[in-house]
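Trainee:
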Amino acid sequence: MHAVARSDAPASDSVAGERGLWLAATVVAAWACGYALVPGSDLWGYLAAGRWMLAHGRLPDGDPFSFTAAGAAWRDHEWLADVLFALWERTFGLPTLVYWKWSLIVATFGLLYLTLLRRGTLLRRGTPLRRETPLCREATLLRSGASAPASFLSVALAAVVAAPLLDVRPHLYSGLGFVVLLHATVGRARPAWWLPVLFLVWANLHAGVTFGVIALVVLFLPALCDGASRRGALVLLALCGAAAVATPDGLAPLRGALRYAFDTASPTRTIVEWQSPLSDGSLRGPWFPYGVGAFVAALAYELVDARAGRAAVRVAERSARVGEIALAVLTLVMALRSLRFVPLFALAATLVTAPALTSLLAALARRVPALARRPVRVAVPAAVALVLLAFVVATRPLTPRAFRDLTMLPVFPIATLDFAEANELRGTVFAFSPWGGYVQLRTAGRLKVYIDGRADTVHPDDVYTAYGAVLAATPGWQDVIERSDADYVLWPRVLPEQWRTLARSPRWRLLHTDVVSVLLVRAGREPAAPPKAPPDSAYRRLGDGWDAFVVGDPERAEAEFREAQVLDPELSPACYLRALAASARGDHQRGRELRIQCAATFPYGDYLRPRLGMARVPKPPDLARASDPST
Numbered sequence: 353m354h355a356v357a358r359s360d361a362p363a364s365d366s367v368a369g370e371r372g373l374w375l376a377a378t379v380v381a382a383w384a385c386g387y388a389l390v391p392g393s394d395l396w397g398y399l400a401a402g403r404w405m406l407a408h409g410r411l412p413d414g415d416p417f418s419f420t421a422a423g424a425a426w427r428d429h430e431w432l433a434d435v436l437f438a439l440w441e442r443t444f445g446l447p448t449l450v451y452w453k454w455s456l457i458v459a460t461f462g463l464l465y466l467t468l469l470r471r472g473t474l475l476r477r478g479t480p481l482r483r484e485t486p487l488c489r490e491a492t493l494l495r496s497g498a499s500a501p502a503s504f505l506s507v508a509l510a511a512v513v514a515a516p517l518l519d520v521r522p523h524l525y526s527g528l529g530f531v532v533l534l535h536a537t538v539g540r541a542r543p544a545w546w547l548p549v550l551f552l553v554w555a556n557l558h559a560g561v562t563f564g565v566i567a568l569v570v571l572f573l574p575a576l577c578d579g580a581s582r583r584g585a586l587v588l589l590a591l592c593g594a595a596a597v598a599t600p601d602g603l604a605p606l607r608g609a610l611r612y613a614f615d616t617a618s619p620t621r622t623i624v625e626w627q628s629p630l631s632d633g634s635l636r637g638p639w640f641p642y643g644v645g646a647f648v649a650a651l652a653y654e655l656v657d658a659r660a661g662r663a664a665v666r667v668a669e670r671s672a673r674v675g676e677i678a679l680a681v682l683t684l685v686m687a688l689r690s691l692r693f694v695p696l697f698a699l700a701a702t703l704v705t706a707p708a709l710t711s712l713l714a715a716l717a718r719r720v721p722a723l724a725r726r727p728v729r730v731a732v733p734a735a736v737a738l739v740l741l742a743f744v745v746a747t748r749p750l751t752p753r754a755f756r757d758l759t760m761l762p763v764f765p766i767a768t769l770d771f772a773e774a775n776e777l778r779g780t781v782f783a784f785s786p787w788g789g790y791v792q793l794r795t796a797g798r799l800k801v802y803i804d805g806r807a808d809t810v811h812p813d814d815v816y817t818a819y820g821a822v823l824a825a826t827p828g829w830q831d832v833i834e835r836s837d838a839d840y841v842l843w844p845r846v847l848p849e850q851w852r853t854l855a856r857s858p859r860w861r862l863l864h865t866d867v868v869s870v871l872l873v874r875a876g877r878e879p880a881a882p883p884k885a886p887p888d889s890a891y892r893r894l895g896d897g898w899d900a901f902v903v904g905d906p907e908r909a910e911a912e913f914r915e916a917q918v919l920d921p922e923l924s925p926a927c928y929l930r931a932l933a934a935s936a937r938g939d940h941q942r943g944r945e946l947r948i949q950c951a952a953t954f955p956y957g958d959y960l961r962p963r964l965g966m967a968r969v970p971k972p973p974d975l976a977r978a979s980d981p982s983t
């Protein structure tokens, strides 16, 4: 028998209003965190694969996009996500994928808020189990519930910590899948019956389902250790595990996850998202240390909380908390090892931070009685948070125009691929790996790449190692390209050693350049007809302007950048490059005015210029030397 604190009365309208206000604030906070600028290197490959599957009406039985693995088995773990991307693009248009991203982010963090809040509601109402089941019978008896303000603060911090890694990729499905898993298990009398359905869908959307299985095992640890609960837990785990491998690849995603976990010598571990956030070359998440600090402080608070002994069913609640805390600690260990797990840690950490914040806010209310008055507690904090967050979102683009900058599309070789299409180029290309998916999308496999972002799901380690030698320009890197027998080399202008060395060789010819890329062709394999110029476009004007800029003609550069703005008024790099050219020709006042206009119109800042080898505004005498890496 379990004691009941008070009757199970329905929440009042004011309580419902409080929760609704905090939910709205949570949704807007999550939306505000959906504006991180991340180059969409992988997105283009997913779209290319989805288009291919829709065009052929089947899953690929061999790799159609690279020449190093042509016809080899392709373990496309995200085949369903690829198809959904392509269907979305076909139905709504490519730029509207930004709405897909925002929708998944809002759904993930909004559902997490509701999950945390439900646990607190069950605690405060003292809801008894209507039927004591062997599996997770402790679920509704947790001591550590969460209030609406604490749930909001915890989820908002989680969204901020995860923000730099919330790009347009299928991994967002794993974030949502994890939260749905929590919603189906945490704070329930029994886990939801539809958990196997979740794992079946999740498994075909993203390989992160492997983590979902691990998370389910951790959450079920108390039941697995209890003889009375073990059978029910094992049955449900078996059903979910079977659903998780019900994919075209079977156990391949699990084997891949184990390889990443234990094969530290794999060259794919050098990929940025697989590096530790503590390493020098990793993507910097400025809020990650604060997220870790908040989690450690909340965990310490819970462990030393002397009031834990007041619980009516101390053993039950302790066993229930063990699974949740263990899950949060596991995700922290994973995040410290690899950046890609930071969002999962941010989500799991709320299971610890929300209850701790609830206790701290309650203690503060006892010390400051005015804070406990209902009008203050309900209306003011939630309304203020909602208004401030709504103002932040309102300063950002709310339309599909945000897609181009959020995926940093202008850092991809757009005009060069326009040139390739105009001249119907076919064959093989040794391309910069982050551009591989974009080449696949634009050419539908007519230009087959050496390597792309699919890493070890297609390419063996020796191919990745060889590419790494070229990227690092280690001795003998030219032999890698020569042995590849590629027809073309597509390389960033900002990495000049490789393409300049090839261009000086009699075996290669410079074929085309745009603002970010250089295309070379192997001697003897040039197009039979004289190359056609790509159609006039804003991106072609950017390339022409940058060519003028790096040879010391900022006046012509500014004119080209101005024309690019005319052709495409929403192309933010054209605006910032125009300001750069004005400053370079000595008109610093005009350059400042243009930068102010750019910042007012395009709030993302000048993200292209650092990728052109230009980290500062050069003075005219230094122009050629400062921009030398990009000539």
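In this text, residue positions in the sequence shown follow the working numbering: the first is 353, and each later residue adds one. Even glycine gets a Cβ: it sits at the ideal position worked out from N, Cα and C. This one's a predicted model, so the numbers in the text were calculated from it and none came from an experiment.
#1: With a Cβ-Cβ cutoff of 8 Å, do L699 and V512 count as a contact?
#2: Considering only C-alpha positions, which residue in the set L929, E878 and V549 is nearest to N775?
#3: Alpha carbon to alpha carbon, how far is P882 from L842? Give it in angstroms, no decimals.
#4: Tell me whether A678 counts as near the ligand SAM, meaning its Cβ is closer than 7 Å to at least one heavy atom of that ligand.
#5: Once you ignore the five residues that flank Q830 on each side, which residues in its own chain have a CB closer than 7 Å to its CB?
#6: Taking contact to mean 3 or more Cβ pairs, one atom from each stretch, closer than 8 Å, check whether the segment 394-406 and the segment 368-378 are in contact.
#7: Does D770 pass the burial test, meaning 16 or more other C-beta atoms within 10 Å, or should it be called exposed?
#8: Quick check on P733 - is its C-beta less than 8 Å from some C-beta in chain B?
#9: In chain order, what residues of the same chain lie with their CB nearer than 7 Å to the CB of V1001, ignoring the 5 residues before and after it?
#10: Reducing DSSP to helix, strand and coil, say where D322 ends up.
#11: Per DSSP, what kind of secondary structure is K453 in: helix, strand or coil?
#12: Could you check if T953 is buried or exposed, using at least 16 other CB atoms within 10 Å of its CB as the buried criterion?
#13: Using only alpha-carbon positions, find the residue among Y653, Y525, R942 and A680 that is nearest to R709.
#14: What is the DSSP secondary structure of A510, reduced to helix, strand or coil?
#15: Are the CB atoms of V538 and R582 nearer to each other than 8 Å?
#16: Whole-angstrom Cβ separation of L449 and E441, contact assumed at under 8 Å?
#17: Between G392 and L750, is the Cβ-Cβ spacing less than 8 Å?
#18: Is the Cβ-Cβ distance between L524 and I457 less than 8 Å?
#19: By the three-class DSSP mapping on this structure, what secondary structure does R861 have?
#20: Between the Cα of W787 and the Cα atoms of G797, A459 and V801, which residue gives the shortest distance?
#21: Ordered along the chain, which non-local residues of its own chain (more than five positions away) have a Cβ less than 7 Å from that of S785?
#22: State the Cα-Cα distance for the pair V507 and L464, rounded to the nearest angstrom.
#23: Could you name the residues of the same chain whose beta carbon sits closer than 8 Å to that of A536, not counting the 5 residues immediately before and after it, in chain order?
#24: Can A926 and L894 be called in contact, C-beta distance under 8 Å?
#25: Tell me whether the beta-carbon of P447 lies closer than 8 Å to the beta-carbon of P752.
#26: With a Cβ-Cβ cutoff of 8 Å, do T780 and H864 count as a contact?
#27: Relative to the C-alpha of G414, which candidate in E915, D757 and V810 has its C-alpha closest?
#28: Report the three-state DSSP secondary structure of V390 (helix, strand or coil).
#29: Given V969, which residues of its chain have a CB within under 8 Å of its CB, disregarding the five upstream and five downstream residues?
#30: Going by DSSP, what residue range makes up the beta strand (DSSP E) through T780?
#31: Looking only at its own chain, which residues have a Cβ that is under 6 Å from the Cβ of E915, when we skip the five neighbours before and after it?
#32: In the DSSP assignment, the beta strand (DSSP E) including P843 goes from what residue to what residue?
#33: How would you label D814, buried or exposed, when you count the other beta carbons within 10 angstroms and need 16 or more for buried?
#34: Is E370 helix, strand or coil by DSSP?
#35: With DSSP run on the structure shown, which of helix, strand or coil describes L799?
#36: Skipping 5 residues on each side, what residues in its chain have a beta carbon closer than 7 Å to that of P955?
Mentor: Judging by the given coordinates:
#1: No, these two residues do not count as a Cβ contact at 8 Å.
#2: Measuring from the Cα of N775, the nearest candidate turns out to be E878.
#3: The straight-line gap from Cα to Cα measures roughly 19 Å.
#4: The ligand content of the structure shown is nil, which means the ligand SAM is not present either.
#5: Sequence-distant partners of Q830 (beyond 5 residues in either direction) whose C-beta falls short of 7 Å from its own C-beta, in its chain, are T853.
#6: No, because fewer than three Cβ pairs between the segment 394-406 and the segment 368-378 fall closer than 8 Å, the two stretches do not touch.
#7: Here D770 is buried, its C-beta having at least 16 other C-beta atoms within 10 Å.
#8: Judged by its chain identifiers, the structure shown contains no chain B, having just a single protein chain.
#9: An answer regarding residue 1001 cannot be provided, because it is not within the stretch 353 to 983 covered by the chain.
#10: Residue 322 is absent from the structure shown; the chain starts at 353 and stops at 983.
#11: DSSP, reduced to helix, strand and coil, places K453 within a helical segment of the structure shown.
#12: Residue burial is scored here from C-beta neighbours: T953 has fewer than 16 other C-beta atoms within 10 angstroms and is therefore classed as exposed.
#13: Before going on, a small fix: residue 709 reads as Leu here, not Arg. It is Y653.
#14: Helix at A510.
#15: With a cutoff of 8 Å on beta-carbon distance, V538 and R582 are scored as not near each other.
#16: L449 to E441, Cβ: 7 Å. Contact.
#17: Judged by beta-carbon spacing, L750 lies beyond the 8 Å limit of G392, meaning their Cβ atoms are not closer than that value.
#18: Result yes, Cβ atoms of L524 and I457 sit closer than 8 Å.
#19: Note: R861 maps to strand in three-state DSSP.
#20: Comparing Cα-Cα distances from W787 to each of G797, A459 and V801, the minimum goes to V801.
#21: Once the five neighbours on either side are set aside, the close Cβ partners of S785 are I803, D804, G805 and Y819.
#22: Straight-line Cα distance between these residues: approximately 7 Å.
#23: So the qualifying residues of the chain are P543, A544, W546, L547 and L550.
#24: Taking 8 Å as the cut-off, the Cβ atoms of A926 and L894 count as close.
#25: It is a contact, given that the beta carbons lie within the stated cut-off.
#26: In this structure, T780 sits away from H864, with a CB-CB distance that is not shorter than 8 Å.
#27: Between G414 and the set E915, D757 and V810, the nearest pair of CA atoms involves V810.
#28: In the three-state reduction of the DSSP assignment, V390 falls in the coil class, being assigned neither a helical nor a strand state.
#29: Interpretation of V969 is limited by its pLDDT of 43, a score under 50 that renders its predicted location unreliable; the figure taken from the coordinates is listed afterwards. Here V969 has L932, S935, A936 and G943 as same chain residues with Cβ atoms under 8 Å from its own Cβ, once five neighbours each way along the sequence are excluded.
#30: Membership of T780 in the beta strand (DSSP E) is indicated by the continuous run G779 to A783.
#31: Excluding positions up to five away in sequence, the list reads R893.
#32: With the sequence shown as reference, residue 843 is identified as Trp, and Pro is not the correct amino acid for it. First-last of the beta strand (DSSP E) with W843: Y840 to P844.
#33: That one is exposed.
#34: E370: helix per DSSP, three-state reduction.
#35: Looking at L799 - three-state DSSP - the assignment turns out to be strand.
#36: Closer than 7 Å at Cβ, skipping near neighbours: T747 and R748.
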